[in-house]
Amino acid sequence: MLAALLALALAAPVPSSRHFPSLQGGDTLGAGSSVAAFSAGFTMVSAGWAQALSDGADAGALLEFDVASTELVVGGLYRQIAWRSGDLAVSWRAKGGFYADFGSTWVHDANQSDAGVRATPGLAASTQTGRGLLSLGVDVPFTFTFSRGGGFALGVLGAISFETPLWGDLSAGARVGGGALWSYSGAPFASDSPRALVDIAALLTYRIF
Numbered sequence: 146m147l148a149a150l151l152a153l154a155l156a157a158p159v160p161s162s163r164h165f166p167s168l169q170g171g172d173t174l175g176a177g178s179s180v181a182a183f184s185a186g187f188t189m190v191s192a193g194w195a196q197a198l199s200d201g202a203d204a205g206a207l208l209e210f211d212v213a214s215t216e217l218v219v220g221g222l223y224r225q226i227a228w229r230s231g232d233l234a235v236s237w238r239a240k241g242g243f244y245a246d247f248g249s250t251w252v253h254d255a256n257q258s259d260a261g262v263r264a265t266p267g268l269a270a271s272t273q274t275g276r277g278l279l280s281l282g283v284d285v286p287f288t289f290t291f292s293r294g295g296g297f298a299l300g301v302l303g304a305i306s307f308e309t310p311l312w313g314d315l316s317a318g319a320r321v322g323g324g325a326l327w328s329y330s331g332a333p334f335a336s337d338s339p340r341a342l343v344d345i346a347a348l349l350t351y352r353i354f
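Going left to right, the sequence shown walks through residues 146 to 354 as the working numbering numbers them.
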């Protein structure tokens, strides 16, 4: 599926504008722009919306669901440009909100149901090419949980992605990443920590305006 999507995207004509809006990269959307973004793969599916607050800042809403661990995060996102030079850009970013674990053990025997809050600071860098956007990102999710006397988890997740125009205002791409999660006290997976994180996903982004 990823290969077919990328092949179709790479065969599409390249628009005259070299700025490809994305929530993956280090560059912000640009003043007045708004996008809807979707991803699906193993282990994550997500849907997000973002609106440019200025030429250097974006904010929006995000829903993420881990199909392997049945963890859900519903909340917001923010991105602020830190450095930009030509086609290269680096941004600080953050996302977070309400966290829920539905406790499925179909993949992870150590999983337990829980609820809490999650905050995920991160850093993204990207470069615009004639064909698309190549991005690198590192995120550090920190989760507080409420069940079993409370607990917390700290993770590190790195990813590389490439996106390219597909048709009109729609772009497509792929993301590959991995990392680890350390869980403590009453948090899910505390009895089997650290836990490996895997992220392989197809990406779709639609420029609303």
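Backbone N, C-alpha and C define an ideal beta-carbon position, used for all residues, glycine too.
Query	Result
Quick one: give me the first and last residue of the beta strand (DSSP E) that S199 is part of.	M189 to S199
Give the straight-line distance between the Cα atoms of G231 and A269, rounded to the nearest whole angstrom.	16 Å
Check this for me: beta carbons of F187 and A341, under 9 Å apart or not?	no
Relative to the C-alpha of G323, which residue among T350, F297, V343 and P339 is closest?	V343
What is the DSSP secondary structure of S214, reduced to helix, strand or coil?	coil
Is it buried or exposed, S316, if we count other Cβ atoms within 10 angstroms and call 16 or more buried?	buried
For the beta strand (DSSP E) holding G318, just list the boundary residues, first then last.	L315 to S330
Are the beta-carbon atoms of Y351 and A182 separated by less than 9 Å?	yes
Using CA coordinates, which residue listed in Y223, A213 and T215 is at the minimum distance from Q196?	Y223
In the stretch 205 to 265, which residue ranges form an unbroken beta strand (DSSP E) of at least 3 residues, counting only runs that do not cross its ends?	216 to 230 and 233 to 246
Determine the DSSP secondary structure at A176, reduced to helix, strand or coil.	coil
Quick one: measure Cβ to Cβ for S167 and L278, integer angstroms, because I've assumed they're closer than 8 Å.	5 Å
According to DSSP, is S306 part of a helix, a strand, or is it coil?	strand
Give the straight-line distance between the Cα atoms of A255 and G296, rounded to the nearest whole angstrom.	15 Å
How many Å lie between F354 and V180 at the Cα?	7 Å
For T350, write down the residues that DSSP places opposite it in a beta bridge.	A182 and S316
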